[in-house]
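Residue 1 is where the sequence shown starts when you use the UniProt record's numbering, and the numbers rise one by one after that.
We treat Cβ as the ideally placed atom computed from N, Cα and C, and that holds for glycine.
These notes are about the structure you will find just below.
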Amino acid sequence: MRQPDPNTRRRTSMVSNPDENTPLLLVPETTGLESNSGQKPNGTSTKAPAAPDGHGNDAGAEAQEEEGEERPMPYRQILLLCYTAMTEPIAYFAIFPFMPEMIFRTGVPQPSVGFWTGIIESLFSLVQMVLMIFYGRAADRFGRKPVLIFSLAGMSVFTALFGMSQTLWQMILCRCLAGCFAGSVVTVRTMISENCTKRSQAKAFSWYMFTRNLGIFIGPLIGGGLANPTEQFPNVFVPGSFFGQYRYALSTYATGAVCLSATLTSLFGLRETLDKTADSGAKAKSQLSTTEVLKSPGVPMVLGIFGYVMLLGLGYTAVNPVFLYTDVELGGWGFSDQQIAGVLAIAGASQSLWMLLAFPFLQKRLGTGNLLRVCAVAWGLMFAGYPILNEVLRHGSETAFWAIWPPFLVMGSGVAMAYGGSLMHLIACVQLCLNDISPSSTVLATVNALGLTVSSAVRAFAPVAFTSIYAAGVKGQILDGHLIWALLIVLTLGLNILCFFLPRAAEGRYKAPVPEGEGDGTGRAT
């Protein structure tokens, strides 16, 4: 083993009073803050990007292995951001339990309630999609924290006011305005990335996914549990009181209070992560237009994979409950409402555990790209399992079905690591790819906004398209009612092909830093 370069020891010894922001390798004599690898205290790199190699990859992607420096993850910051992330699904899902009744009480005929329920519930996401890029650009220009506080404050107000709506148009207006301020998801994802090193961001995003799932669970509990308080809690709320006139105000006030608490914790607890002291190269990158960011090396391919995975995830999520309900003779599993609820609950729980416990370990061992490829292969096998188990039931082998189904469900939930789970969850692996492929840390919010815009666009048509194909296959008994699964398997093969074109800079494989005294003076192990 070679002895470390004396110059290395001399430079290292110059660091005085090291803290959590002190890089673990070398410190230039000039600033004492930036390492030789260009790592800033916020975990982002200020190196000018390497020239592309002509294949949508950075020629300097090899340097990615040198950027995986270890430093303590700021747990307090990550936990505060996860709490903030939880408020958006709470605000979105809280109105679901009482929405049909609320619309009916405005005078809408019973047959039209379903139509207007779908319209109002969708407006939040639709407006959010339209403004996503605006929030991304604003966060890159003015800072992450100001945009986050602005977004949370507005969502708090208009989420609370929704419950006081007395007419259909008041409900539509409040829901649209709440969606206008629902830009926190872009900023939170960006700030989590900037608070972590490349080696620790998988763990942070697994927490993020878990808390988003928690928000989807808590939202309906708040909305349904506090609606019509004069009927549910007559000893506390008098029928002629304020909450007797505004039956749903207590639910939305409570939801708004949760959003307000996130606003205050973010205001007083979070620190700004946008590096405003970046060098001239990074500043030039921050001036990139949205079109220029979109054309940056590797970005179109990663966004394409993002959209493709979301297409499969949303299609499967929409078809699955209908398939579970469909009679065995028509190609489904013939489950009751209670069984379907149990299946979805078990799948959600196992999905959360996979994300929280297994994803960080597997991403660290395999790398983001390889994990995505493994999930793509497993996804095809999972899709094939549904029609196979239907055939098992058709042949009367219920014992075999119940022996195979539980491990199939749990293992299938692990595939959700590729896309982060349900409708309101974002892609886990591809999120990390987006972080790595960003042309500069100063446009990371714009890159995230582009990804969210793609996912929102896919969300607009995928569920309807896939459920329509499923219905046609069942009605015509095409492939014994298994047409949708054949289509999903074919589409999964396409995903497997796309994954092999993932840019090298997005592979997410990092080497641990070499301990002092175990290198050749260049940072490489001997």
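Same chain, Cβ closer than 7 Å to residue i, five either side skipped, listed in chain order
i	result
CYS259	THR87, ALA91, LEU152, MET155, SER156 and THR159
VAL322	THR467 and TYR470
GLU20	Low local confidence applies: a pLDDT of 40 at GLU20 is under 50, so the model's placement there is unreliable, and no value is given.
LEU488	LEU312, GLY315, TYR316 and PHE383
PRO89	ARG212, GLY215, ILE216, GLY219 and MET424
LEU303	LEU450, GLY451 and VAL454
PHE124	TYR92, ARG175, ALA178, GLY179 and ALA182
LEU226	LEU250, SER251 and ALA254
Collapsed DSSP secondary structure at residue i in the structure displayed
i	result
LYS203	helix
TRP333	coil
TYR248	coil
ALA460	helix
CYS196	coil
GLU391	helix
TYR419	Confidence at TYR419 is low in this model, with a pLDDT of 46, below 50, so its placement is unreliable and the value that follows should be read with caution. In the structure shown, TYR419 sits in coil (DSSP, three-state: anything other than H, G, I, E or B).
PRO439	coil
VAL113	helix
ARG271	coil
GLY508	coil
THR164	Note that residue 164 corresponds to Met in the displayed sequence, not to Thr. Coil, per DSSP.
ARG71	coil
LEU502	coil
LEU288	coil
PRO234	coil
PHE96	coil
GLN477	coil
ALA465	helix
residue 529	For the chain, the structure presents residues 1 to 526; residue 529 sits outside this window and is missing.
PHE181	coil
SER122	helix
ASN228	coil
ALA403	helix
SER261	helix
ALA85	helix
GLY32	Confidence at GLY32 is low in this model, with a pLDDT of 38, below 50, so its placement is unreliable and the value that follows should be read with caution. The answer is coil: DSSP assigns GLY32 none of H, G, I, E or B.
VAL295	A small fix is needed here, since residue 295 is Lys in this sequence, not Val. It is coil, neither helix nor strand.
Closest Cα partner of residue i within the set the options
i	options	result
VAL185	THR291, SER200, ALA139 and ALA202	ALA139
VAL343	GLN363, GLY244, TYR325 and ALA472	TYR325
residue 575	ILE497, ALA460 and LEU314	Lying outside 1 to 526, the shown extent of the chain, residue 575 is not represented and no answer is given.
GLN128	LEU372, CYS180 and ASN213	CYS180
ILE218	GLY476, ILE95, LEU353 and GLY107	ILE95
THR442	PRO100, VAL458 and THR190	THR190
LEU294	ARG144, VAL108, SER438 and PHE142	SER438
residue 530	ASN435, LEU491, GLN363 and TRP354	In this structure the chain extends from 1 to 526, so residue 530 is not present and cannot be described.
LEU288	ARG137, VAL392, LEU123 and GLY476	ARG137
ALA318	LEU126, ILE404, ASN496 and ILE484	ILE484
residue 566	ALA85, MET102, CYS196 and LEU148	Nothing about residue 566 can be reported from this structure: the residues present for the chain run from 1 to 526 only.
GLY332	VAL113, LEU479, PHE98 and ALA204	LEU479
GLN245	LEU357, GLN166, LEU389 and LEU502	GLN166
THR187	SER112, ALA403, LEU274 and VAL374	LEU274
ILE119	MET164, TRP169, LYS145 and ARG141	TRP169
GLY224	GLY163, VAL490 and GLY304	GLY163
CYS174	GLY304, TRP207 and GLY256	GLY256
SER112	PRO100, LYS198, ALA202 and LEU371	PRO100
LEU366	LEU498, GLY385 and GLU507	GLU507
LYS203	LEU495, SER352, ALA486 and ILE404	SER352
MET301	THR197, CYS499, PRO74 and SER206	CYS499
Sequence-distant residues of the same chain with beta carbon closer than 6 Å to residue i, five excluded per side
i	result
LEU330	VAL474 and GLY481
VAL228	First, the residue type needs correcting, since residue 228 is Asn and not Val in the sequence shown. Same-chain partners within the cutoff: ARG247.
ASP327	GLY334
THR31	Any reading at THR31 needs caution, since the residue's pLDDT is 37, under 50, leaving its predicted position unreliable; the model's value is listed next. So no residue of the chain qualifies.
PRO220	PHE93, PHE96 and PRO97
PHE492	Position check: residue 492 holds Thr in this sequence, whereas Phe was assumed. Within the same chain, THR492 has close Cβ partners TRP379 and GLY380.
Contact set for residue i: own chain, Cβ-Cβ below 8 Å, skip 5 residues either direction
i	result
GLN110	PHE104
ILE133	THR290, THR446, ALA449, LEU450 and THR453
ALA400	VAL392
ARG144	THR187, THR190, MET191, GLU194, GLU272, THR273, LEU274 and ALA445
VAL238	THR230 and GLY244
ILE340	PRO321, LEU324 and TYR325
ASN389	Note on residue identity: the sequence assigns Leu, not Asn, to residue 389. Cβ within range, chain order: TRP333, PHE401, ILE404, TRP405 and PHE408.
Min CB distance residue i to chain D below 7 Å
i	result
PRO111	Of the protein chains in the structure, only one exists, and it is not chain D.
Closer than 8 Å is the cut-off here; do at least three beta carbon pairs connect the segment 263-272 with the segment 75-87?
yes
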